[in-house]
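Scroll down for the structure; my scribbles are underneath it.
Residue numbers (the numbering used here): 14 to 298.
The following block contains the structure:
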């Protein structure tokens with residue numbers, strides 16, 4: 014279903030209670046108008062948090078099978094000490110075999126709290142960054158996880174930033190990590206919980222690429238906008254090998270994700286292509 018190969022899924026036995034292993038949950042209050050959205054992660058004792066480097070043969074996956082693209086991120090890395098080391102090892106071996114590695118920083122203070130807080134997040138993410146080709150994250154992510162600050166952003170004021178200052182920060186990041194072939198971020202200006210301006214920015218091969226800015230995008234559920242941006246961006250690079258196309262596909266897919274409940278859009282390629290091409294919301298019959 015969905016064309017996803019499931020042969021590498023690692024299954025854990027259920028003990029009847031969920032103490033030994035369980036699936037993670039994420040509770041989200043969507044927010045509306047002046048009431049902001051609020052998310053709470055419930056990831057304790059999850060099967061994913063108990064994975065170790067011994068659960069996968071990365072030499073086989075990246076070397077023998079020749080996987081083209083490997084994507085992971087800071088939420089998985091934060092679930093446990095073991096996950097942090099597993100992420101580092103996976104990225105390292107993928108890089109060795111020429112697999113493109115993309116990583117979404119996705120800084121979540123509540124998840125890093127149990128294994129060392131922001132200091133640990135920065136230690137782990139800076140190690141992972143050495144093996145990343147496509148780094149994804151917003152201004153808060155780059156500051157908290159990699160130590161790069163954006164002029165004019167003080168931790169309290171993270172909306173309405175000067176994009177030129179963000180670009181300067183990206184230039185510092187790619188100078189320190191020359192292995193970055195591309196970086197990308199979403200640009201969100203929050204007017205209310207249900208009214209956001211939405212765009213994206215990518216850097217590739219020394220040039221910046223801006224997506225269409227969708228002003229006053231009506232938000233049904235903002236959860237999944239960032240993940241859908243990342244998947245659209247990756248699709249754009251794989252399909253077109255063009256950063257300008259990639260950032261448009263990412264921004265469009267992220268926008269569509271926020272018109273539906275939950276993390277995933279379940280939209281078709283044709284629907285994303287329609288929005289990328291400037292299509293309207295007129296009914297299709």
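Just so it is clear, CB atoms sit at the ideal spot from N, CA and C, and this is done for glycine as well.
Reduced DSSP secondary structure (H/G/I, E/B, other) of residue i
i, result
"residue 108", "helix"
"residue 262", "helix"
"residue 58", "coil"
"residue 178", "helix"
"residue 250", "helix"
"residue 278", "coil"
"residue 118", "coil"
"residue 22", "coil"
"residue 81", "coil"
"residue 129", "coil"
"residue 203", "strand"
"residue 292", "coil"
"residue 139", "helix"
"residue 286", "helix"
"residue 86", "strand"
Nearest-angstrom Cβ-Cβ length linking residue i and residue j, presumed shorter than 8 angstroms
i, j, result
"residue 225", "residue 212", "7 angstroms"
"residue 187", "residue 145", "Going by Cβ atoms, the distance from residue 187 to residue 145 rounds to 11 angstroms, so no, they are not a contact pair."
"residue 119", "residue 87", "4 angstroms"
"residue 158", "residue 135", "6 angstroms"
"residue 259", "residue 288", "The pair is not a contact, with the Cβ atoms about 15 angstroms apart (cut-off 8 angstroms)."
"residue 229", "residue 208", "6 angstroms"
"residue 238", "residue 286", "Actually they do not touch by this definition, with Cβ atoms about 19 angstroms apart."
Of the residues the options, the one placed nearest residue i, counting alpha carbons only
i, options, result
"residue 205", "48, 272, 43 and 198", "48"
"residue 81", "99, 106 and 97", "106"
"residue 53", "60, 18 and 39", "39"
"residue 242", "183, 102, 164 and 278", "278"
"residue 274", "30, 41 and 25", "41"
"residue 194", "200, 201 and 184", "184"
"residue 304", "164, 68, 58 and 196", "There is simply no residue 304 to check, as the chain begins at 14 and stops at 298 in what is shown."
Opposing strand residues paired with residue i [DSSP bridges]
i, result
"residue 230", "209"
"residue 52", "41"
"residue 197", "149 and 215"
"residue 221", "216"
message: Does the structure place the segment 227-246 close enough to the segment 61-72 that three or more beta carbon pairs sit under 8 angstroms?
response: Segments in contact, no.
message: Does the contact criterion of 3 or more C-beta pairs under 8 angstroms hold for the segment 76-96 versus the segment 48-67?
response: yes
- prompt: If we count Cβ pairs, one from each stretch, closer than 8 angstroms, do we get three or more for the segment 140-159 versus the segment 269-288?
  reply: no
- request: Count the C-beta pairs between the segment 175-191 and the segment 14-29 that are closer than 8 angstroms, then say yes if the count reaches three, no if not.
  value: no
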